[in-house]
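What follows is one structure encoded as structure tokens, with my remarks underneath.
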Amino acid sequence: MFGNITDIHSHSLWDIDDGSDSFEETMDMCFEAEDSGTGTLFLTPHLIHWEQAEDLYDEREEKFEILSECLEDHDSELMIKKGFEILCDDEIFNISYFKPYTLNGSRYILIEFHFYKTTYEDVVSWCNYLSSFGLVPIIAHPERYEFVMDNASCVEKLSDIGALFQMNAASPTGVFGDREAYVACEMLNCGYVDFIGSDAHDLRMRNTDILSNLEMYPDELNIDLFKKAACDNPNFILSDGLYKPKRLEHIENL
Ligand SMILES: [Fe+2]
Numbered sequence: 000m001f002g003n004i005t006d007i008h009s010h011s012l013w014d015i016d017d018g019s020d021s022f023e024e025t026m027d028m029c030f031e032a033e034d035s036g037t038g039t040l041f042l043t044p045h046l047i048h049w050e051q052a053e054d055l056y057d058e059r060e061e062k063f064e065i066l067s068e069c070l071e072d073h074d075s076e077l078m079i080k081k082g083f084e085i086l087c088d089d090e091i092f093n094i095s096y097f098k099p100y101t102l103n104g105s106r107y108i109l110i111e112f113h114f115y116k117t118t119y120e121d122v123v124s125w126c127n128y129l130s131s132f133g134l135v136p137i138i139a140h141p142e143r144y145e146f147v148m149d150n151a152s153c154v155e156k157l158s159d160i161g162a163l164f165q166m167n168a169a170s171p172t173g174v175f176g177d178r179e180a181y182v183a184c185e186m187l188n189c190g191y192v193d194f195i196g197s198d199a200h201d202l203r204m205r206n207t208d209i210l211s212n213l214e215m216y217p218d219e220l221n222i223d224l225f226k227k228a229a230c231d232n233p234n235f236i237l238s239d240g241l242y243k244p245k246r247l248e249h250i251e252n253l
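Just so you know, we're using numbering that gives the first Met the number 0 here: the sequence shown kicks off at 0 and counts up by one.
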């Protein structure tokens, strides 16, 4: 039914952020991803403080190599890819070289914000700043931010300035809250979800089994659009090609 899923957002590398706690857990998260239909898994540790960025980069490189070898030893066919999930605040204006921190070395960069104190205007200025370097910002889990839940139609304006959107696979189930679920479903059905991520942190609630969420999705969710975001659109990241989103309908506020 599904093609190969590409999960563009996970905290599967061990002991590097608040994700996997051990190498064993990392391996199990990878096996779970592979067994449940994910062909490509991005490892996107939180990058929160820029003064730690270089050390974090080195640590990710080292752990990526170890994991790669071990997956190969286990005859795993899972492809793993590198990235970061970058927490944006005004500190970003002091940075002018982002290439090591993008998804798979591409133009696409995965960003997140503080859930409550971030404003729409903040996000516009950070996205415009990143775009000025030729980067394409992908906003992680837009459905979870207070400013989006208060005014979901603002994602249309963020799309107009070139931002793309990654929905957490679990959001439409209501696991993060009813408002988050509403925004996730509305965004997906209106054509505003470009990519899907597990945002997996462990093997429990936020795990790497993206498809397990589907049975809890509301009936009105457009599964064809979900599939496109999970299986097709990520090819533009993997090839560093130019992705042009197709928005379908206006987003209704909650
Ligand atoms: Fe995350």
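We put the CB at the ideal spot given by N, CA and C, even for glycine.
Bridge partners - residue i, DSSP secondary structure assignment
i, result
"Ser-328", "Because residue 328 is not part of the residues shown, which for the chain are 0 to 253, the question remains open."
"Ala-151", "Note: Ala-151 sits in no beta bridge, so no partner."
"Gln-165", "Ala-139, Phe-194"
"Leu-241", "Its beta-bridge partners do not exist; DSSP assigns none."
"Lys-81", "Leu-42"
"Leu-109", "Glu-84, Ile-137"
"Ile-4", "Thr-37"
Status (buried if at least 16 other CB within 10 Å, exposed otherwise) for residue i
i, result
"Ile-160", "exposed"
"Pro-44", "buried"
"Arg-59", "buried"
"Ile-236", "buried"
"Lys-156", "exposed"
"Thr-207", "buried"
"Phe-114", "exposed"
"Met-148", "buried"
"Lys-80", "buried"
"Gln-51", "exposed"
"Glu-93", "The amino acid at residue 93 is misidentified as Glu; the sequence shows Asn. Under this definition Asn-93 is an exposed residue."
"Glu-111", "buried"
"Tyr-96", "exposed"
"Glu-90", "exposed"
"His-200", "buried"
"Phe-83", "buried"
Residue i in three-state terms, based on DSSP
i, result
"Lys-281", "One cannot answer for residue 281 here, as it falls past the ends of the chain, which runs 0 to 253."
"Tyr-216", "coil"
"Ile-250", "coil"
"Thr-172", "helix"
"Ile-184", "At residue 184 the sequence reads Cys, which differs from the Ile that was named. In this structure, Cys-184 counts as helix in the three-state DSSP scheme."
"Phe-281", "Since the displayed the chain opens at 0 and closes at 253, residue 281 lies outside it and no answer follows."
"Thr-207", "coil"
"Ile-27", "Just to set this straight, residue 27 is Asp in the shown sequence, not Ile. It is helical."
Residue i: CB within 7 Å of a non-hydrogen atom of ligand 2
i, result
"Gly-161", "Among the ligands present in this structure, namely ligand 1, ligand 2 is not found."
Presumed contact (8 Å Cβ cut-off) between residue i and residue j, rounded CB distance
i, j, result
"Asn-252", "Asn-167", "Not a contact, Cβ separation roughly 20 Å."
"Arg-106", "Asp-239", "6 Å"
"Leu-77", "Thr-37", "7 Å"
"Thr-39", "Asn-3", "7 Å"
### Task
Kindly provide the chain-ordered list of residues whose Cβ lies closer than 5 Å to any non-hydrogen atom of ligand 1.
Glu-84, Asp-198
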